[in-house]
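Written out below as structure tokens is the structure these notes cover.
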Amino acid sequence: MCHAVHTASSADDLQSAVEALVASRDPQAIPCLIAVLGYNNPGAAVAAVDGLVALGAPAVDPILASLDGVNYGARAWSVRALAGLADVRALDLLEQALAGDIGPSVRRAAARGLGCLDLHGLSPEQRQTVLERCTTALLAACSDGEWVVRYAVVAALETLFMQNAAAWSELLALREALLAALQSLRQGPAADGEVIRRRAALALERVLPAPA
Numbered sequence: 035m036c037h038a039v040h041t042a043s044s045a046d047d048l049q050s051a052v053e054a055l056v057a058s059r060d061p062q063a064i065p066c067l068i069a070v071l072g073y074n075n076p077g078a079a080v081a082a083v084d085g086l087v088a089l090g091a092p093a094v095d096p097i098l099a100s101l102d103g104v105n106y107g108a109r110a111w112s113v114r115a116l117a118g119l120a121d122v123r124a125l126d127l128l129e130q131a132l133a134g135d136i137g138p139s140v141r142r143a144a145a146r147g148l149g150c151l152d153l154h155g156l157s158p159e160q161r162q163t164v165l166e167r168c169t170t171a172l173l174a175a176c177s178d179g180e181w182v183v184r185y186a187v188v189a190a191l192e193t194l195f196m197q198n199a200a201a202w203s204e205l206l207a208l209r210e211a212l213l214a215a216l217q218s219l220r221q222g223p224a225a226d227g228e229v230i231r232r233r234a235a236l237a238l239e240r241v242l243p244a245p246a
């Protein structure tokens, strides 16, 4: 099936070949699916990301090892796959990408990934450390120059808070910083656009208990 991917003669043929490869659910297809992320074919890349996420944990290390330092489009697809996999092994990469990647699409995907890491199986101490790192990285990105990244940050802060509700009793200062950041974005300047303010307001409605 990888041969069909490599020999596809059109964008539609490539997408069909990738979809067939994904349907096989064969871990040996991981390198081929990763290679597709660097092709200039969004449909095929979406299918490849879905396939990598479906293959789960075995895909994480190969994606991390093959991250494209030059092609930020390919890098964005890779980070999107890592976000979907939600594996804590990607934490370092997600932090670095959100803080300094040149591509807004990469930073947006990294923000999403930091909001939805799967912390099950970690010790309480490890979980606390990961939450601290994720929250700190997201708070720093609240001032990102691209509104699409800030929007992703708001959504990620909400997800992080909701998925780990029980842990915040041990992280009160960080919890207050998170809520303060959402409050600030809700009351942001007009330059931020109504979409950011409304999304922050929605996040606050969801994370704060309704008054009795």
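Numbering (my numbering), first residue to last: 35 to 246. Yeah, the Cβ is synthetic: ideal placement off N, Cα and C, and Gly gets one too.
**Report entry** Spatial neighbours of Leu191 in its chain, beta-carbon cut-off 6 Å, leaving aside the 5 residues before and after
**Finding:** Counting only residues of its own chain and dropping the five nearest sequence neighbours on each side, Leu191 has a CB closer than 6 Å to the CB of Leu172 and Leu212.
Query raised in the report: Ala117: which of Val104, Leu132 and Gly103 sits nearest, CA to CA?
Result: Distance from the Cα of Ala117 is smallest, within the candidate group Val104, Leu132 and Gly103, for Leu132.
Query raised in the report: In whole angstroms, what separates the C-alpha of Ala246 from that of Leu236?
Result: Confidence at Ala246 is low in this model, with a pLDDT of 44, below 50, so its placement is unreliable and the value that follows should be read with caution. In this model, Ala246 and Leu236 are separated by some 19 Å (Cα to Cα).
Report task. Return helix, strand or coil for Gln221, following the three-state DSSP convention. Result -> Three-state DSSP puts Gln221 in coil, outside helix and strand.
Report task. Spatial neighbours of Cys66 within its chain, please: CB distance less than 7 Å, with the 5 preceding and 5 following residues excluded, ordered by chain position. Result -> Cys36, Val39 and Leu55
Query raised in the report: Among the residues of its own chain, which have a CB less than 6 Å from the CB of Gly137, if the five just before and after it don't count?
Result: Tyr106 and Ala110
Requested in this report: Identify whether Leu48 lies in helix, strand or coil by the three-state DSSP scheme.
Outcome: helix
Report task. Verify whether the separation of the beta carbon atoms of Val183 and Arg142 is less than 7 Å. Result -> yes
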